[in-house]
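To start, the structure itself, in structure tokens.
Chains as they are written, first to last, in our numbering: chain A, 2 to 113; chain B, 220 to 333.
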């Protein structure tokens with residue numbers, strides 16, 4: 002079963018704009034990871050945020066985590082056409098057994 | 220450092236057949252997890268292998284089985300294939316020394332069952 006709910010399901014923006022994707026989850030977590038997937042290919046690991054962290058940056062990516070609301074957001078600044086992809090959040094449970102639970106994903110289209 | 224590799228890239232089978240998918244873990248990683256991703260869905264955890272043993276399993280029937288070898292590579296076997304087994308199969312490797320279990324995925328094997 003899917004733990005994460007991602008919002009929106011689809012997002013279309015112009016190149017240069019910022020894109021924000023949200024993820025909500027249901028149970029306590031050890032960490033939350035964001036992945037990108039191009040056209041049904043493999044998942045590319047973007048960023049991991051630990052349960053005791055509130056914000057993390059990596060290049061044009063900014064991830065926030067609010068454990069009280071069981072939610073996370075991924076912000077991509079100054080988007081490029083190459084950012085067009087599906088984005089997934091995945092949670093590792095507090096017992097950190099190794100199982101990641103994925104959301105349904107947000108499909109982002111960046112128009113040149 | 221080599222990344223996670225999977226073979227084959229694509230595979231077409233008929234209902235009732237058996238299939239074996241292969242995964243080589245990233246250099247320095249000793250744990251392999253397998254996921255099934257149906258079209259338009261997020262990946263779903265099948266199982267994880269560590270020290271050549273199954274170390275956690277998702278909600279998949281016993282006809283999904285696996286192996287891990289001493290070099291940490293892994294196989295996913297699916298018996299008695301059903302149409303609903305058509306999906307992208309992803310493996311991910313990680314290190315048991317990583318307390319945060321950061322997982323890195325291969326390119327996937329796309330299985331079509333006719």
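Using N, Cα and C, we set each Cβ at its ideal position, and we do this for glycine too.
7 Å Cβ cutoff, residue 321/B in contact with chain A: At least one CB atom of chain A sits nearer than 7 Å to the CB of residue 321/B.
Quick one: what does DSSP say residue 317/B is sitting in, helix, strand or coil? The answer is coil: DSSP assigns residue 317/B none of H, G, I, E or B.
Distance, residue 16/A Cα to residue 264/B Cα: When rounded, the distance between both Cα atoms is 34 Å.
Give the DSSP-derived three-state secondary structure of residue 82/A in the structure shown. The answer is helix: DSSP assigns residue 82/A an H, G or I state.
Report the three-state DSSP secondary structure of residue 300/B (helix, strand or coil). If DSSP states are grouped into helix, strand and coil, residue 300/B belongs with coil.
Residue ranges of each beta strand (DSSP E) run of no fewer than 3 residues wholly in the region 231-264 of chain B, ordered along the chain? Qualifying beta strand (DSSP E) stretches, in chain order: 238-243, 250-256.
Give every residue of the same chain whose Cβ lies closer than 8 Å to the Cβ of residue 233/B, excluding the five residues on either side of it in the sequence, and list them in chain order. Excluding positions up to five away in sequence, the list reads 300, 332, 333.
Hey, does residue 280/B have any beta-carbon neighbour from chain A nearer than 7 Å? Interface flag for residue 280/B against chain A is unset, since no Cβ pair is found closer than 7 Å.
Apart from the five residues just before and just after residue 261/B, which ones in its own chain have a Cβ nearer than 8 Å to its Cβ? So the list is empty, once near-sequence residues are dropped.
Using beta carbons (cut-off 7 Å, strictly below), is residue 3/A in contact with chain B? Legend: pLDDT at residue 3/A = 49, less than 50; position of this residue unreliable, no value from coordinates given.
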